[in-house]
Amino acid sequence: METEFDLNLRQGLPPHLRVLADKFPRTTWQGHPNFSQLTAFWLDRHVMFRQVLTKLVDDTQLHLDGKSGPRYGAELSRYTGFFLDQLHSHHGIEDHHYFPQFKPLDARVARAFDLLDGDHHALDGHLHHLAEATNAVLRALQSGQPSRDSAAQLLACQEGFTRFLDRHLCDEEEVIVPLVLEYAPDIG
Ligand SMILES: [Fe+2]
Ligand SMILES: [Fe+2]
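Heads up: the sequence shown begins at 669 in this note's numbering, then just goes up one per residue.
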């Protein structure tokens with residue numbers, strides 16, 4: 669994969685895929701007549717993913733500081749399970765339903781869908797690591813063993829995931845929303 673497409677390395681959309689993103693800066697989205705309810709709903713899902721991940725990072729930091737409550741393990745399990753489930757199905761809907769309808773709209777940015785598809789695959793690997801790191805902490809908590817080392821690893825994993833997910837969501841939004849505004853596709 670080209671470096672400019674690599675989720676782990678890139679700093680944003682490659683310039684040649686920013687034709688529509690530059691035409692429709694983020695600040696113009698909400699007031700545009702083609703900004704649909706479905707687009708608002710989809711962006712809200714991204715906000716929700718960011719919020720849940722922030723809560724998980726904050727809770728693990730509190731745990732490492734010795735300030736977490738007795739419900740840390742239960743909430744870690746519940747919120748991480750919810751996050752993994754929801755993100756997995758969100759990617760599935762994008763891969764199978766939204767992206768195939770958006771890709772043919774504009775040949776100039778069609779390759780952005782290869783980039784987004786690559787992101788989903790890269791995120792699958794990160795999701796797997798997040799699940800493993802979470803389970804290591806839950807096992808330590810359940811067996812009454814010290815969970816400090818595994819919690820430190822989990823925090824690093826959660827923080828890394830936050831960076832990758834944020835990069836993906838920002839770039840995905842700058843591909844999809846400008847396409848909606850330019851073409852007002854009838855997405856079912
Ligand atoms: Fe995505
Ligand atoms: Fe998404």
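We put the beta carbon where it would ideally sit given N, CA and C, even for glycine. The model shown is predicted, which means the values in this text are computed figures rather than measured ones.
Nearest by alpha-carbon distance to residue i: which of the options is it?
{"i": "P693", "options": "D839, D854, L744 and I855", "result": "D839"}
{"i": "F832", "options": "G734, R678, E670 and A808", "result": "R678"}
{"i": "G872", "options": "I855, V843, D854 and Y851", "result": "Because the chain here runs from 669 to 856, residue 872 falls outside it and cannot be looked at."}
{"i": "F781", "options": "L685, G793 and N676", "result": "L685"}
{"i": "H794", "options": "A824, Q698 and L744", "result": "A824"}
{"i": "E670", "options": "R739, A775 and R779", "result": "R779"}
{"i": "N803", "options": "L791, R776, Q826 and L784", "result": "Q826"}
{"i": "L724", "options": "Q810, A799, A808 and P853", "result": "A799"}
{"i": "L783", "options": "S704, F717, K691 and L837", "result": "L837"}
{"i": "A808", "options": "M716, A742, N676 and W697", "result": "A742"}
{"i": "M716", "options": "F751, G812, R776 and D690", "result": "F751"}
Take residue i and list the residues in its own chain whose beta-carbon comes closer than 6 Å to its own, dropping the five residues that flank it on each side.
{"i": "L730", "result": "S736"}
{"i": "T830", "result": "L721"}
What did DSSP end up calling residue i once you bin it into helix, strand or coil?
{"i": "H836", "result": "helix"}
{"i": "G828", "result": "helix"}
{"i": "A858", "result": "Beyond the ends of the chain as shown, which are 669 and 856, falls residue 858; an answer cannot be given."}
{"i": "D854", "result": "coil"}
{"i": "S736", "result": "coil"}
{"i": "A778", "result": "coil"}
{"i": "Q679", "result": "coil"}
{"i": "H700", "result": "coil"}
{"i": "G741", "result": "helix"}
{"i": "G812", "result": "coil"}
{"i": "R718", "result": "helix"}
{"i": "E762", "result": "helix"}
Within 10 Å of its beta-carbon, does residue i have 16 or more other beta-carbons around it, so buried, or fewer, so exposed?
{"i": "H759", "result": "buried"}
{"i": "Q719", "result": "exposed"}
{"i": "D817", "result": "exposed"}
{"i": "R835", "result": "buried"}
{"i": "T728", "result": "buried"}
{"i": "T748", "result": "buried"}
By Cβ distance below 8 Å, which residues in the same chain neighbour residue i in space, the five residues on each side in sequence not counted?
{"i": "E841", "result": "R694, L711 and H714"}
Take residue i and list the residues in its own chain whose beta-carbon comes closer than 7 Å to its own, dropping the five residues that flank it on each side.
{"i": "T707", "result": "V845 and V848"}
{"i": "H788", "result": "H759 and D763"}
{"i": "K771", "result": "A778 and F781"}
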